[in-house]
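Have a look at the structure below, then the notes.
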Amino acid sequence: MSYEYFPGFYDRLMDSELYDEWVEFSADFIGDTQKKVLDLACGTAEFALRLSFLGHQVTGVDLSKEMVTVAKEKVAAAEINLPILEQDMSKLALGQTFDVVTCFCDSLNYLETEQALADTIQAVSAHLEPSGLFLFDVHSVFKIDQGFKDYSYGDSDEEISTIWNSFPGEHPHSVEHELTFYILGEDDTYNRVDELHKERTYPIATYENLLKKYGFTKIDIYADFSHEKPTNTSERIFFAARK
147 MSYEYFPGFY
157 DRLMDSELYD
167 EWVEFSADFI
177 GDTQKKVLDL
187 ACGTAEFALR
197 LSFLGHQVTG
207 VDLSKEMVTV
217 AKEKVAAAEI
227 NLPILEQDMS
237 KLALGQTFDV
247 VTCFCDSLNY
257 LETEQALADT
267 IQAVSAHLEP
277 SGLFLFDVHS
287 VFKIDQGFKD
297 YSYGDSDEEI
307 STIWNSFPGE
317 HPHSVEHELT
327 FYILGEDDTY
337 NRVDELHKER
347 TYPIATYENL
357 LKKYGFTKID
367 IYADFSHEKP
377 TNTSERIFFA
387 ARK
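Heads up, the sequence shown is in my numbering, so the first residue is 147 and it goes up one at a time.
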């Protein structure tokens, strides 16, 4: 998966209201008192910055060097203390523990194997304080298998045009997103950029069993930014897992 160009205009393609919903969901569990928070797959740090503005002590981690560069620029512009580190979350080694670990925007679905998912959950557990909290979301099996079936999307403005097509992936409950961007250059011509993004999910029980295996004893499961339990047609599954 390439992130050479994508981070530069990632925020323009994302719905900013989604970040507000992730923050609102998280706040119900994190509370108002300052917490030490690790945000995994932090991307451009949009969510991490929002948590920092609420008074939490946040550290961001992302695998993509390009995402980390954009995130550091945004943090510097905000003049806030928010370390951004480049690491693989399945091999996380920070030498410190946190009260809360977050991982939203279906970022766990970008892990290519169930072993990588297991390694990530184990690493999260090792980086949490006793009674620490792990908040994350994933695409549901329904969303991957049905919601992205024959999915096609296009959008454009004067600077960027986007074409997004999704196809079934090679593994069960997986999808491949073919993204094409036409980006206006300084010479007033458009440059074409292609990216391939792969996502894979698992039944809810798989996530639940891995959480239990690595020391999480209280696991609450919700759907679609609500406190309602998932149904067969829920699209985004949320987990609040405590050690």
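In this text, a Cβ means the ideal position worked out from N, Cα and C, and glycines have one as well. None of these values were measured; they are calculated from a predicted model.
State the Cα-Cα distance for the pair residue i and residue j, rounded to the nearest angstrom.
i             : j                 : result
lysine 280    : alanine 387       : For the sequence presented, residue 280 should be read as phenylalanine rather than lysine. So the two alpha carbons sit approximately 5 angstroms from each other.
serine 162    : valine 169        : 11 angstroms
threonine 379 : phenylalanine 282 : 19 angstroms
tyrosine 151  : tyrosine 328      : Confidence at tyrosine 151 is low in this model, with a pLDDT of 48, below 50, so the placement of that residue should be treated as unreliable; the coordinate-derived value is given next. If you take the alpha carbons of tyrosine 151 and tyrosine 328, they lie about 11 angstroms apart.
aspartate 256 : leucine 325       : The displayed chain sequence assigns tyrosine, not aspartate, to residue 256. Going from the Cα of tyrosine 256 to the Cα of leucine 325 covers about 15 angstroms.
glutamine 233 : alanine 269       : 12 angstroms
lysine 182    : lysine 389        : 16 angstroms
serine 148    : alanine 351       : With a pLDDT of only 47 at serine 148, under 50, the local geometry of the prediction cannot be trusted, and the value read off the model is given with reservation. When rounded, the distance between both Cα atoms is 31 angstroms.
threonine 335 : proline 349       : 45 angstroms
glutamine 292 : histidine 317     : 15 angstroms
valine 284    : leucine 254       : 7 angstroms
lysine 375    : arginine 338      : 42 angstroms
histidine 373 : isoleucine 367    : 8 angstroms
lysine 358    : glutamate 260     : 15 angstroms
leucine 180   : leucine 200       : The sequence shown places glutamine at residue 180, not leucine. Cα-Cα distance, rounded: 8 angstroms.
leucine 238   : threonine 377     : 33 angstroms
Would you call the CB atoms of residue i and residue j closer than 8 angstroms?
i                 : j                 : result
valine 287        : histidine 319     : yes
serine 302        : asparagine 311    : no
phenylalanine 236 : threonine 205     : Going by the sequence as given, residue 236 is serine instead of phenylalanine. No, the Cβ-Cβ distance between serine 236 and threonine 205 is not below 8 angstroms.
glutamate 381     : aspartate 370     : yes
glutamate 332     : aspartate 252     : no
alanine 173       : alanine 191       : no
isoleucine 290    : valine 321        : yes
alanine 264       : leucine 356       : yes
isoleucine 309    : glycine 315       : no
phenylalanine 171 : phenylalanine 313 : no
phenylalanine 250 : phenylalanine 175 : no
serine 271        : glycine 177       : no
valine 207        : leucine 231       : yes
Start and end of the alpha helix (DSSP H) containing residue i?
i             : result
glutamine 268 : 260 to 272
aspartate 166 : 162 to 176
glutamate 341 : Run containing glutamate 341: none in the alpha helix (DSSP H); it sits in the beta strand (DSSP E), 336 to 346.
leucine 197   : 192 to 199
threonine 377 : Segment: none, threonine 377 is in no alpha helix (DSSP H) and carries neither H nor E.
threonine 352 : 350 to 359
What is the residue span of the beta strand (DSSP E) that residue i lies within?
i              : result
proline 312    : According to the sequence shown, residue 312 is serine rather than proline. Note, serine 312: beta strand (DSSP E), 306 to 314.
alanine 387    : 382 to 388
isoleucine 226 : From DSSP, isoleucine 226 is part of no beta strand (DSSP E); its letter is neither H nor E.
threonine 248  : 244 to 249
lysine 364     : 364 to 369
glutamate 322  : 320 to 330
lysine 182     : 182 to 186
Pick out whichever of the options has its Cα sitting closest to the Cα of residue i.
i              : options                        : result
serine 307     : Asn378, Thr259, Glu232, Asp340 : Asp340
leucine 184    : Val221, Val321, Pro229, Asn378 : Pro229
tyrosine 165   : Thr248, Thr179, Gln268, Asp178 : Thr248
isoleucine 226 : Val246, Val207, His202         : His202
leucine 330    : Arg196, Glu304, Leu200         : Glu304
cysteine 188   : Glu167, Thr179, Thr215         : Thr215
histidine 343  : Lys358, Glu260, Lys359, Phe294 : Phe294
Flag residue i as yes if its beta-carbon sits less than 8 angstroms from any beta-carbon of chain D, otherwise no.
i             : result
histidine 273 : This model lacks chain D altogether, as it is built from one protein chain only.
| query | How about the segment 259 to 278 and the segment 194 to 214: do they share at least three Cβ pairs that are nearer than 8 angstroms? | reply | Counting Cβ pairs under 8 angstroms, fewer than three are found: no touch.
| request: Check whether the segment 219 to 233 touches the segment 242 to 262, taking contact to mean three or more Cβ pairs, one atom from each stretch, closer than 8 angstroms. | output: The segment 219 to 233 and the segment 242 to 262 do not touch, with fewer than 3 CB-CB distances between them shorter than 8 angstroms.
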